[in-house]
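Okay, structure first, notes after.
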Amino acid sequence: MPLLACPAVHGEDSRKNTAGQASSGTQTPGKRTVFGRVAKPADRLGVGWVEDAAAAGGVRVSTIIAGSPARKAGLLAGDLIVWFTGREIRDDDDFFAAVSSAVNPATMTVKRPGEEKPLELTLQLTGAPLRWGITWRVDDAEPGMAVIAHVVPGSPAARAGLAVGDRVYRVGGQDFADEDGFARLVKSLDAPLQLLVERDGRMRIVTLRLDRSEPLKRAA
């Protein structure tokens, strides 16, 4: 049973981790200093769910965290989420990507047992959206480069074929010197976003595009 949570991210949220502490580098003797976030997820919605094969699409809510955005919006265990902020939910990947990238206020369409018509719910998600669906880290020994640390399934990054470990050297045709520069470019540039990426010693251009159903807004 998945529990919906989104990784804290450099640049697509603030410069603080989920506990409100500033990001910092970690130094291991004989190793380079790597700046990045502890992989402690920031919960945006606060639900557990299962795919419902019998429903031919959607995800079935199994648990709801007390005090979460889902609880405040009136979501109930047993509800079937079929749309989320203009995006059809067919499976886990659709759901995770939709919630990860959604801006506030978010909307969802649910089918509730015993109700004839679908319900429309509006909610305020916690945390910042992962617009492109990536987290990253930087290494102070290799300025001008960022390493992809996580790719959200179903996100623009995943659809473009970006993978964990890919090394990014340019964003939107622009160089960057450090994490702040990389974050600023990723946060501010509109779609389609082109990245100059190295994988296994080969350079290529990866183009990230938003779904037509996703808002062309900059994440704040």
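When we follow the numbering used here, the leftmost residue of the sequence shown carries the number -5, and every step to the right adds one.
All C-beta atoms in this analysis are idealised placements derived from N, C-alpha and C, irrespective of residue type, glycine included.
Model, not experiment: these values are computed from the prediction.
{"Check": "For Val93, three-class secondary structure by DSSP", "Outcome": "helix"}
{"Check": "Cβ-based neighbour list, Arg65, same chain, cut-off 8 Å, excluding 5 preceding and 5 following", "Outcome": "Gly40, Ile58 and Ile59"}
{"Check": "C-beta contact flag for Leu74 and Lys105 at 7 Å", "Outcome": "yes"}
{"Check": "As assigned by DSSP and simplified to three states, the class of Glu114", "Outcome": "strand"}
{"Check": "Segment limits, beta strand (DSSP E) that includes Glu192", "Outcome": "Leu187 to Arg193"}
{"Check": "Span of the alpha helix (DSSP H) around Ser182", "Outcome": "Glu173 to Ser182"}
{"Check": "Range of the contiguous beta strand (DSSP E) that encloses Arg54", "Outcome": "Val53 to Ile58"}
{"Check": "Start-to-end residues for the alpha helix (DSSP H) that takes in Arg65", "Outcome": "Pro63 to Ala67"}
{"Check": "DSSP beta-bridge partners of Trp130", "Outcome": "Ile142"}
{"Check": "Supposed close pair Val132, Ala140 - CB separation, criterion 8 Å", "Outcome": "5 Å"}
{"Check": "Short Cβ contact (7 Å threshold) for Ala67 with Leu119", "Outcome": "no"}
{"Check": "Beta-ladder partner(s) of Thr120, from DSSP", "Outcome": "None, per the DSSP bridge assignment."}
{"Check": "Whole-angstrom distance between Ala135 and Asp160, CA atom to CA atom", "Outcome": "17 Å"}
{"Check": "Beta-carbon proximity list for Pro23, same chain, < 6 Å, skipping 5 on both sides", "Outcome": "The predicted position of Pro23 is uncertain, since its pLDDT is 33 and thus under 50; no value can be drawn from it."}
{"Check": "Simplified DSSP state of Ala16, which is helix, strand or coil", "Outcome": "The predicted model places Ala16 with a pLDDT of 31, which falls under 50 and marks its position as unreliable; any figure quoted below should be read in that light. Three-state DSSP puts Ala16 in a strand."}
{"Check": "Close-in-space but distant-in-sequence residues of the same chain around Ala91 (CB under 7 Å, 5 per side omitted)", "Outcome": "Gly127, Val146, Pro147, Gly148 and Ser149"}
{"Check": "Where Ala135 falls: helix, strand or coil (DSSP)", "Outcome": "coil"}
{"Check": "Arg106 (DSSP reduced to helix, strand or coil)", "Outcome": "coil"}
{"Check": "Gly108 classed as buried or exposed, judged by whether at least 16 other C-beta atoms fall within 10 angstroms", "Outcome": "exposed"}
{"Check": "Buried versus exposed call for Leu202 [16 or more other C-beta atoms within 10 Å across all chains shown]", "Outcome": "buried"}
{"Check": "Continuous alpha helix (DSSP H) stretch holding Arg153: start and end", "Outcome": "Pro150 to Arg153"}
{"Check": "Separation of Pro112 from Lys192, as counted between CA atoms", "Outcome": "The sequence given here places Glu at residue 192; Lys does not occur at that position. Taking the straight line joining both Cα atoms gives about 46 Å."}
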